[in-house]
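If you use my numbering, the sequence shown corresponds to residues 4 to 148, in order.
A short worksheet on the structure shown next.
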Amino acid sequence: MNKVFRHKPLAADEYLGHVGFDGKTYEARFGPDKFVGHVELDTGKIYGTGINNYLGRVQLDTGKVFRHKPAALDEYLGHADGDGKLYRHRVGPDEYIGKIEGATSYALSGAAFMLLVWPLIEEEAETKKEQERLKKADEQEKKEN
């Protein structure tokens, strides 16, 4: 079992869940952990829950993680280092976003990235966008009054 943590600046890292040596990934919950998907260890394909829910892939030789885009090129999200550190792709230097303890392959690291860490990053981005939208609407309303 490989524990997965989300990096929190100036605070203790947050435990998100674990990836089994068979590629099955579980989100930490109070009570039994929730199965969120798996990675095929021989191909690097990452699947969510459900039938044929293909989410993306990890390159087994470099650790680069890609999100599947139907009818388009896959989107490069970031990469995993050989020591289990996970990085988000940016225009500048890649941002450290988390780690997987005891990672033995890029496939397991890619599953941790795509199934546990990345959904939180997307959720935070959506929350930030919504807050900015509400702030703009508030400012616009104040100008009109």
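Beta carbons: idealized from backbone N, C-alpha and C, even for Gly.
If you drop the 5 nearest sequence neighbours on each side, which residues of the same chain put their C-beta closer than 7 Å to that of residue i?
{"i": "M117", "result": "I49, L58, G59 and V68"}
{"i": "E30", "result": "L19, G20, D36, K37, V39 and L119"}
Between the Cα of residue i and those of the options, spot the shortest distance and give me the residue it belongs to.
{"i": "V42", "options": "T130, V61 and P35", "result": "V61"}
{"i": "G53", "options": "G40, Y109 and F33", "result": "G40"}
{"i": "H82", "options": "L76, K72, G101 and P73", "result": "G101"}
{"i": "P73", "options": "G66, N56, L89 and D25", "result": "N56"}
{"i": "E17", "options": "G26, M4 and R32", "result": "R32"}
{"i": "G113", "options": "A14, G66, K132 and Y29", "result": "G66"}
{"i": "T46", "options": "Y79, S108 and P35", "result": "S108"}
{"i": "E11", "options": "D141, K138, K145 and Y99", "result": "Checking the sequence shown, residue 11 turns out to be Lys, not Glu. The candidate whose alpha carbon is nearest that of K11 is Y99."}
{"i": "G34", "options": "G20, D141 and L44", "result": "G20"}
Using a Cβ-Cβ cut-off of 8 Å (strictly less than) and excluding sequence neighbours within five positions of residue i, which residues of its own chain qualify?
{"i": "P122", "result": "none"}
{"i": "F24", "result": "M4, N5, T107 and L111"}
For residue i, collect the residues of the same chain with a Cβ closer than 6 Å to its Cβ; drop the 5 residues on either side in sequence, then sort them by chain order.
{"i": "K88", "result": "K102"}
{"i": "V22", "result": "N5, T28, L111, A114 and A115"}
Quick check: the Cα distance between residue i and residue j, rounded to an integer number of angstroms?
{"i": "E104", "j": "V7", "result": "6 Å"}
{"i": "E135", "j": "E147", "result": "18 Å"}
{"i": "G95", "j": "K131", "result": "20 Å"}
{"i": "Q143", "j": "D97", "result": "35 Å"}
{"i": "E127", "j": "E133", "result": "10 Å"}
{"i": "I124", "j": "D84", "result": "19 Å"}
Return yes when the Cβ of residue j is within less than 8 Å of the Cβ of residue i, no when it is not.
{"i": "L80", "j": "R91", "result": "yes"}
{"i": "D77", "j": "R70", "result": "yes"}
{"i": "L13", "j": "G26", "result": "no"}
List the DSSP bridge partners of residue i.
{"i": "V68", "result": "V61 and G81"}
{"i": "N5", "result": "V22"}
{"i": "H92", "result": "None; H92 has no bridge partner."}
{"i": "T28", "result": "V22 and G40"}
{"i": "I103", "result": "V7"}
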